[in-house]
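By the numbering used here, the letter at position 241 of the sequence shown is numbered 242, and the numbering carries on one by one without gaps.
Backbone N, C-alpha and C define an ideal beta-carbon position, used for all residues, glycine too.
Comments concern the structure below.
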Amino acid sequence: MSLSSLGRSCWRFSRLRCTFTPKGMSLFSWLCVNWNTPSPVHRSVCVKRVHGSTSVFTDRCYEGLYPGHIHTTALQKTLLAVGSGVAALHDPYRHDMVAVLGETTGHLALMNLRDKMRNDPEGFTILAERPRIRLSTLDLKEMASLPDGSLGREYLRFLEDNHVTPDSRADVKFVDDEELAYVMQRYREVHDLLHTLLGMPTNMLGEVAVKWFEAAQTGLPMCALGAVLGPLRLNASRLQSLFTSLGPWALQNGRRARCVLSIFYERRWAQSIEDLRQELNIQTPPVTLTATKRRNI
């Protein structure tokens with residue numbers, strides 16, 4: 002092996018290893034991803050996008066499909082899916098493992114979601130402008146001044162009550178299509194807005210209810226897995242609440258609701274949640290849950 006080839010292999014290995022936290026996948030899993038990985042064909046891409054409420058165009062050039070993209074083969078994706086799935090089952094609070102599982106198993110579901118967005122005028126605009134929901138794109142002062150019951154005010158209250166931030170959502174790395182990668186990123190950043198719309202906190206029962214809704218709405222295998230295995234961590238009283246009221250409500254509304262990724266939430270902060278629920282065909286939750294001090298998934 003030449004020095005240049007060795008250098009490229011070491012660079013790819015270090016890049017993949019930095020993808021995971023110290024609690025992440027084993028060295029064997031990293032090697033499975035990196036071993037004999039063909040170098041992806043890099044190409045220079047220039048992007049012009051609108052960033053959220055700032056409405057500022059940014060020109061950037063980079064190499065690869067998108068910033069942070071890591072090329073993997075079908076076999077490597079399978080190994081990553083298995084490893085991340087086991088890790089996520091062991092600790093459902095592992096955001097990084099849940100993220101990897103979603104990226105390596107969701108290709109068909111992401112294509113379906115992308116097509117739904119393309120066929121929706123508002124969703125088409127989102128795909129064209131690529132807004133991001135980050136602290137840097139949110140006007141927190143303006144959102145705090147909105148009336149109670151408005152989307153912006155209630156979303157800000159959700160973040161405060163549950164001690165979460167939109168910046169905690171990991172960037173996509175393993176989706177081998179630039180547009181589908183954005184669809185996955187949008188799903189992640191809309192997740193907390195779904196909690197707000199559905200009136201669900203970030204405790205385990207609230208998370209499972211949202212996963213049932215998302216499984217019916219998106220078809221993502223990661224959501225289906227969370228919907229099936231999440232109840233195993235609930236006590237008897239919460240299981241009864243899930244199976245008798247919250248679960249059926251979440252599944253029914255997830256199936257019939259308009260695609261939640263096709264809503265330009267950044268332009269709707271002043272809209273009331275009740276009006277938005279009616280527009281999306283989402284019913285008011287049958288049970289009111291309150292936020293706890295548990296960690297967010």
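Reference residue i; option with closest CA among the options
i, options, result
"Asp178", "Gln272, Gly69, Thr126 and Ser246", "Gly69"
"Phe214", "Gln253, Pro222 and Thr289", "Gln253"
"Leu194", "Val165, Ala216, Phe175 and Val176", "Val165"
"Gly248", "Asp149, Val176 and Ala228", "Ala228"
"Gly124", "Gln284, Ile274, Tyr266 and Asp92", "Tyr266"
"Thr291", "Leu206, Pro222, Arg119 and Asp276", "Leu206"
"Asp172", "Cys260, His96 and Ala210", "His96"
"Arg189", "Asn282, Leu109, Val101 and Leu90", "Val101"
"Cys260", "Thr219, Thr289 and Ser146", "Thr219"
"Thr105", "Lys117, Glu161, Asn113 and Lys174", "Lys174"
"Ser137", "Ser169, Val99 and Asp149", "Ser169"
"Cys224", "Phe244, Arg131 and Leu111", "Leu111"
"Asp116", "Gln186, Leu181, Thr245 and Leu233", "Leu181"
"Thr285", "Trp270, Arg269 and Gly255", "Gly255"
"Val191", "Ser246, Val176 and Val211", "Val211"
"Ala217", "Ser151, Val83, Leu114 and His91", "Leu114"
"Val184", "Asn163, His196, Leu199 and Ile127", "Ile127"
"Ala258", "Leu277, Gln272, Ser246 and Leu235", "Leu277"
"Asn236", "Ala251, Trp250 and Val209", "Val209"
"Leu226", "Glu275, Ile264, Gly103 and Ser263", "Gly103"
"Asp92", "Arg234, Ala251 and Phe244", "Arg234"
"Ile134", "Arg269, Pro287 and Ile274", "Arg269"
"Gly200", "Lys78, Pro148, Ile274 and His72", "Ile274"
"Lys308", "Ala89, Gly107 and Leu66", "This structure cannot settle anything about residue 308, because the visible part of the chain is limited to 2 through 298."
"Glu161", "Tyr67, Leu109, Val99 and Pro202", "Pro202"
"His196", "Gln186, Pro232 and Ala251", "Ala251"
"Leu80", "Leu152, Met98 and Ala271", "Met98"
Residue i (DSSP reduced to helix, strand or coil)
i, result
"Ser263", "helix"
"Ser151", "strand"
"Pro286", "coil"
"Ser146", "coil"
"Thr291", "coil"
"Gly248", "helix"
"Tyr188", "helix"
"Phe214", "helix"
"Gly255", "helix"
"Met201", "coil"
"Thr73", "coil"
"Val99", "helix"
"Arg115", "helix"
"Leu157", "helix"
"Phe125", "helix"
"Ala171", "coil"
"Val209", "helix"
"Arg61", "Because the pLDDT at Arg61 is just 44, under 50, the model does not fix this residue reliably, and the value given afterwards should be weighed accordingly. DSSP places Arg61 in strand when its eight states are reduced to three."
"Arg9", "Confidence at Arg9 is low in this model, with a pLDDT of 48, below 50, so the placement of that residue should be treated as unreliable; the coordinate-derived value is given next. Of the three classes helix, strand and coil, the one that applies to Arg9 here is helix, per DSSP."
"Tyr183", "helix"
"Leu281", "helix"
"Arg234", "helix"
"Leu139", "coil"
"His164", "coil"
"Pro68", "coil"
Bridge partner(s) assigned by DSSP for residue i
i, result
"Ser85", "Beta-bridge pairing links Ser85 to no other residue."
"Ser273", "Ser151"
> Is there contact here, the stretch 235–243 with the stretch 116–134, by at least three beta-carbon pairs under 8 Å?
Replying inline: no
> How about the stretch 153–162 and the stretch 126–145: do they share at least three Cβ pairs that are nearer than 8 Å?
Replying inline: yes
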